[in-house]
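Some notes on the structure that comes next.
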Amino acid sequence: MTHLLEKNSQFIFSNECIQAFRTLKDKLTEAPILIAPNWDQPFELMCVASDYTRGAVLGQRIEKHFRPIHYARKTMNQAEANYTTTEKEMLAVVYAFEKFRSYLIMNKSIVYTDLSALKYLFAKKDAKARLLRWILLLQEFDFKVIDTRGAENYAVDHLSRLENPTPWFADLANYHAGNFVIKGMTSQQKQKFFKDARHYFWDDPYLFRTCADQIIRRCVAGQEAIDILNACHSGPTGGHYGANYTAKKVFDSGFYWPSIYKDAFELVKRCDSCQRQGKVSQKDEMPQNFIQIYEIFDVEAKALPTNDARVVVKFLKYLFSRFGTPKAIISDRGTLFCNNQFSRVMAKYGVTHRLSTTYHPQTSGQVEVTNRGLKCILERTVGENRASWSDKLEDALWAFRTAFKTSAYENSLIYKERTKKLHDDKIKNRIFNVGDQVLLFNFRLKIFSGKLKSRWSGPFTIAEIYLYGTAKLIHPDGFNFKVNCHRLKHYHGGDPQKCGQKCG
1 MTHLLEKNSQ
11 FIFSNECIQA
21 FRTLKDKLTE
31 APILIAPNWD
41 QPFELMCVAS
51 DYTRGAVLGQ
61 RIEKHFRPIH
71 YARKTMNQAE
81 ANYTTTEKEM
91 LAVVYAFEKF
101 RSYLIMNKSI
111 VYTDLSALKY
121 LFAKKDAKAR
131 LLRWILLLQE
141 FDFKVIDTRG
151 AENYAVDHLS
161 RLENPTPWFA
171 DLANYHAGNF
181 VIKGMTSQQK
191 QKFFKDARHY
201 FWDDPYLFRT
211 CADQIIRRCV
221 AGQEAIDILN
231 ACHSGPTGGH
241 YGANYTAKKV
251 FDSGFYWPSI
261 YKDAFELVKR
271 CDSCQRQGKV
281 SQKDEMPQNF
291 IQIYEIFDVE
301 AKALPTNDAR
311 VVVKFLKYLF
321 SRFGTPKAII
331 SDRGTLFCNN
341 QFSRVMAKYG
351 VTHRLSTTYH
361 PQTSGQVEVT
371 NRGLKCILER
381 TVGENRASWS
391 DKLEDALWAF
401 RTAFKTSAYE
411 NSLIYKERTK
421 KLHDDKIKNR
431 IFNVGDQVLL
441 FNFRLKIFSG
451 KLKSRWSGPF
461 TIAEIYLYGT
471 AKLIHPDGFN
481 FKVNCHRLKH
491 YHGGDPQKCG
501 QKCG
């Protein structure tokens with residue numbers, strides 16, 4: 001039917017036009033359609049924001065079903081697009097109340113949005129003047145907030161995510177190709193537009209830009225920009241370099257779009273091959289725990305003929321007879337501790353058996369320090385006959401127990417706090433949540449044939465987060481296991497966003 005509006009077109013109302021007219025009539029008269037407000041019922045407001053737009057829907061409940069009264073959507077300007085995610089969520093709420101002020105000013109309302117954004121707004125101290133204005137505006141209304149994520153805000157989420165396939169250089173191309181200037185620009189916008197337009201020229205059918213290095217590059221957008229970025233990063237000659245090198249390779253190939261560095265960063269961040277490379281360094285460690293003051297009761301060591309569960313259980317029973325049963329025993333995950341016989345003895349005496357985290361000896365740090373001290377004494381006392389170390393063990397224990405021990409400084413608590421601060425300043429602030437996708441670093445891969453093999457396995461899903469930096473992971477086969485979070489890093493999956501498109 002739209003073709004009937006074209007110039008010099010014949011008016012032929014065909015069967016297809018009749019069917020289209022009937023379909024349009026049905027859609028306009030069937031639910032969901034806009035309703036008139038009922039001033040005796042509370043209003044409901046759904047708000048959501050994306051990177052470049054915000055949207056809102058005003059409606060009411062009729063027989064437990066949400067019915068819309070008014071839709072609203074607005075594109076963010078350049079300053080608003082630089083707001084943080086939390087501020088954009090707050091901006092959507094403020095925009096909705098300003099837009100529907102005549103409906104909401106004297107009535108109760110329910111707002112569906114991200115609750116954390118409003119908590120941040122009202123709890124922030126020393127807020128900016130802009131945030132203070134928002135607070136004063138919201139205080140005029142009587143409303144309550146129901147926490148709803150963007151994907152759950154089905155009635156309004158699509159408003160903030162409408163895709164506009166228009167390339168970013170459409171206005172510049174129209175100006176150079178047909179001397180067409182868009183209407184409605186302010187004087188400042190016009191000044192900026194003509195200043196930018198001097199760097200572009202039209203050579204049918206492409207738009208080119210003269211860049212700062214005086215090299216002419218073709219302007220690209222959309223899927224073409226994504227294909228170019230993929231070719232320069234993961235193509236046969238890409239080399240999987242970082243974001244800056246990938247963006248510079250695009251420039252060297254003769255292409256340009258404004259968000260190239262941002263798009264390259266997102267591409268590299270989501271590249272599966274790049275995420276599986278690298279090692280675990282000090283900056284990947286977790287923050288140190290709160291400082292605890294404890295005192296060593298006793299140090300025991302015994303040379304055993306074999307390293308199996310029967311001998312270990314016999315040694316523990318000997319310790320129980322001397323000191324009584326402890327509340328808990330912490331051990332590593334060796335087979336001599338993780339077996340049925342050991343478990344039965346622990347259950348018999350009512351002792352809790354706790355296992356240290358895999359590949360994280362700091363869990364039993366005091367034991368490791370004690371072993372190192374005993375080993376150091378034995379190395380200096382056994383002489384050339386190394387096989388006689390078991391005969392010297394009792395003397396080494398006596399020397400270790402009676403050694404004079406003091407703090408590194410007069411006030412050890414201050415020293416530990418300072419050490420914790422120095423440690424935490426060097427690490428990255430990484431936050432893991434239940435449901436996150438993560439990769440796990442494999443310490444066991446040390447053979448030569450595995451040098452080119454990735455040490456990162458996964459991705460796994462986090463099932464639980466525990467205190468002191470431990471997480472439970474879910475294997476795709478259903479097997480659960482615990483690891484320390486310093487061996488984890490976030491896995492970024494999914495397709496990259498569209499490159500070089502105009503926000504609309």
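Take 1 as the starting number for the sequence shown in UniProt numbering and just add one per residue.
For each residue, glycine too, the CB sits at the ideal point set by N, CA and C.
Here the structure is a predicted model, which is why all the values come from computation and not from measurement.
Beta-carbon proximity of residue i to residue j, cut-off 8 angstroms
i, j, result
"I474", "V434", "no"
"F97", "L137", "yes"
"Y95", "T148", "no"
"S109", "F43", "yes"
"A72", "D51", "no"
"P167", "G254", "no"
"K314", "T352", "no"
"M90", "W134", "yes"
"A243", "Y256", "no"
"S457", "N442", "yes"
"H240", "S187", "no"
"F141", "I105", "yes"
Whole-Å CB distance - residue i paired with residue j, under 8 angstroms assumed
i, j, result
"Q60", "R54", "Not a contact, Cβ separation roughly 21 angstroms."
"A264", "T246", "5 angstroms"
"C485", "A471", "5 angstroms"
"F100", "L45", "7 angstroms"
"R217", "F251", "7 angstroms"
CA-to-CA distance, residue j to residue i, given in whole angstroms
i, j, result
"G324", "G350", "12 angstroms"
"F208", "R198", "11 angstroms"
"V312", "R333", "14 angstroms"
"H70", "Y103", "10 angstroms"
"A36", "I62", "12 angstroms"
"N179", "R270", "41 angstroms"
"G238", "A212", "25 angstroms"
"F143", "L229", "47 angstroms"
"A92", "N15", "45 angstroms"
"P459", "L440", "8 angstroms"
"R430", "G469", "11 angstroms"
"Q78", "D436", "32 angstroms"
"G65", "L488", "What sits at residue 65 in the sequence shown is His, not Gly. Spanning the two alpha carbons is a distance of roughly 44 angstroms."
"T335", "V345", "15 angstroms"
"Q275", "T84", "26 angstroms"
"K248", "M185", "33 angstroms"
"L132", "Q191", "32 angstroms"
"R310", "S321", "17 angstroms"
"I330", "F432", "26 angstroms"
"R130", "S234", "44 angstroms"
"K88", "F11", "48 angstroms"
"Q139", "F122", "10 angstroms"
"Q227", "H492", "According to the sequence provided, residue 227 is Asp. The question's Gln does not apply to it. Distance between the alpha carbons of D227 and H492: 19 angstroms."
"I215", "A225", "19 angstroms"
"D114", "A56", "13 angstroms"
"I146", "V483", "36 angstroms"
"R455", "Q277", "7 angstroms"
"K25", "Q41", "30 angstroms"
"Q19", "V48", "36 angstroms"
"K128", "S116", "18 angstroms"
"K317", "K119", "56 angstroms"
"Q341", "P476", "31 angstroms"
"D204", "S9", "30 angstroms"
"K348", "D308", "19 angstroms"
"Y206", "H490", "40 angstroms"
"F337", "R354", "10 angstroms"
"L319", "C376", "25 angstroms"
"residue 518", "K74", "No information on residue 518 is available, as it lies outside the stretch 1 to 504 that the chain covers here."
"L267", "S259", "12 angstroms"
Cβ of residue i within 8 angstroms of any chain B Cβ
i, result
"I474", "Although the question refers to chain B, the structure presented lacks it and comprises just one protein chain."
Distance cut-off 7 angstroms: residue i Cβ against heavy atoms of the ligand ZN
i, result
"P37", "Absent from the structure shown: the ligand ZN. Ligands present: none."
When the Cβ atoms of the stretch 164-179 are set against those of the stretch 200-215, are three or more pairs found closer than 8 angstroms? Contact between the stretch 164-179 and the stretch 200-215 is present, because at least three Cβ pairs lie under 8 angstroms.
Suppose only complete runs of 3+ residues qualify. What are the beta strand (DSSP E) ranges in the stretch 31-116, listed by chain order? 43-49, 53-62, 65-75, 108-113
4-residue-minimum alpha helix (DSSP H) runs that sit fully inside the stretch 208-281, ordered along the chain: Runs of the alpha helix (DSSP H) inside the stretch 208-281: 222-234, 243-252, 260-270, 272-275.
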